[in-house]
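Everything below concerns the one structure shown next.
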Amino acid sequence: MSTVRYRIDASQSRFTVQGSADGLLSMLGHDPVIAICGFGGDARFRPGTFESASLLMLVQADSLAVVNKVSDKDRREMERAMREDVLEIARYPEIVFMSTSISVNCTGEGQYRARISGKLSLHGVTRDHSIDARLTLNEGSLRAQGEFPLRQTDYNIKPVSVAGGTLKMKDELKFSFDIAAHA
456 MSTVRYRIDA
466 SQSRFTVQGS
476 ADGLLSMLGH
486 DPVIAICGFG
496 GDARFRPGTF
506 ESASLLMLVQ
516 ADSLAVVNKV
526 SDKDRREMER
536 AMREDVLEIA
546 RYPEIVFMST
556 SISVNCTGEG
566 QYRARISGKL
576 SLHGVTRDHS
586 IDARLTLNEG
596 SLRAQGEFPL
606 RQTDYNIKPV
616 SVAGGTLKMK
626 DELKFSFDIA
636 AHA
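If you're matching positions, the sequence shown starts at 456 in my numbering and goes up one per residue.
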């Protein structure tokens, strides 16, 4: 049987980042929730087996948007800082994850647990990164759900700090995903 390509459908997916405020004034700060809007890629594998499976995911760094209930002024400032100061999107416009190995265990009819190991390129740094996901495979569609942590400093990103350091973001971010893909 030949390999099937499942293309990621961002319009039917959800991919978010949760940050946490730290520091003296953290109780006044916002714990931003950021939606990753512009992403795509594909998963490939042979039906009935996940041997030689692969995942490629591309994220447009300028597609991240703050979705918290904050004032328009705060939202604009948070997004400006995220794009210009943190991600430096003019220099690093794309974030790429490419799998190097995928191990899968069946947990039920059309249900799987996957460990996806690969290379994550972010902010000019490429590091090994692993993601655990719950997979649901139906006729012609694939859904992957899960969450994973990421430390900004691992990718030479300095967490945002304002008000003389009395309000800053914690280094670790939590990513959550519910990604749909179709053959």
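Idealized CB from N, CA, C, for every residue including glycine.
Inter-residue CB distance, residue i and residue j (contact presumed, cutoff 8 Å)
i	j	result
Asp477	Lys574	About 29 Å; that fails the 8 Å criterion.
Ser556	Ala569	Contact flag wrong, Cβ pair sits at about 11 Å.
Arg460	Arg501	11 Å between Cβ atoms; not a contact.
Residues that residue i bridges to, as DSSP identifies them
i	result
His678	There is simply no residue 678 to check, as the chain begins at 456 and stops at 638 in what is shown.
Arg469	Asp633
Val521	Ile489
Val580	Leu577
Glu539	Paired residue(s): none; Glu539 is not in a bridge.
Run of the alpha helix (DSSP H) containing residue i, from where it starts to where it stops
i	result
Leu531	It is worth fixing the name first, because residue 531 is Arg in this sequence and not Leu. Counting along the chain, the alpha helix (DSSP H) containing Arg531 begins and ends at Asp527 to Arg535.
Spatial distance of residue i from residue j (CA atoms)
i	j	result
Lys625	Phe552	23 Å
Gly474	Ala516	16 Å
Ala536	Val615	8 Å
Tyr610	Val522	24 Å
Ser481	Met533	Any reading at Ser481 must be qualified, since the residue scores a pLDDT of 47, below 50, and its modelled position is unreliable; no value is offered.
Glu594	Glu564	12 Å
Lys613	Arg606	10 Å
Leu542	Thr471	16 Å
Lys524	Glu627	22 Å
Ser526	Ser507	47 Å
Ala545	Arg538	8 Å
Ser596	Thr581	30 Å
Thr504	Leu513	25 Å
Gly601	Tyr547	26 Å
Extent of the continuous beta strand (DSSP E) to which residue i belongs
i	result
Gly495	Phe494 to Phe500
Leu511	Ser509 to Gln515
Thr551	Sequence check: residue 551 is Val here, not Thr. Glu549 to Gly563 is the extent of the beta strand (DSSP E) around Val551.
Ile571	Gln566 to Leu577
CB contact flag (residue i, residue j, <9 Å)
i	j	result
Ala599	Ala636	yes
Cys561	Leu519	no
Phe692	Arg469	Any question about residue 692 goes unanswered here, given that the chain covers just 456 to 638.
Ile489	Ile634	no
Ser572	Ser554	yes
Gly495	Leu510	no
Gln566	Arg589	yes
Phe603	His578	no
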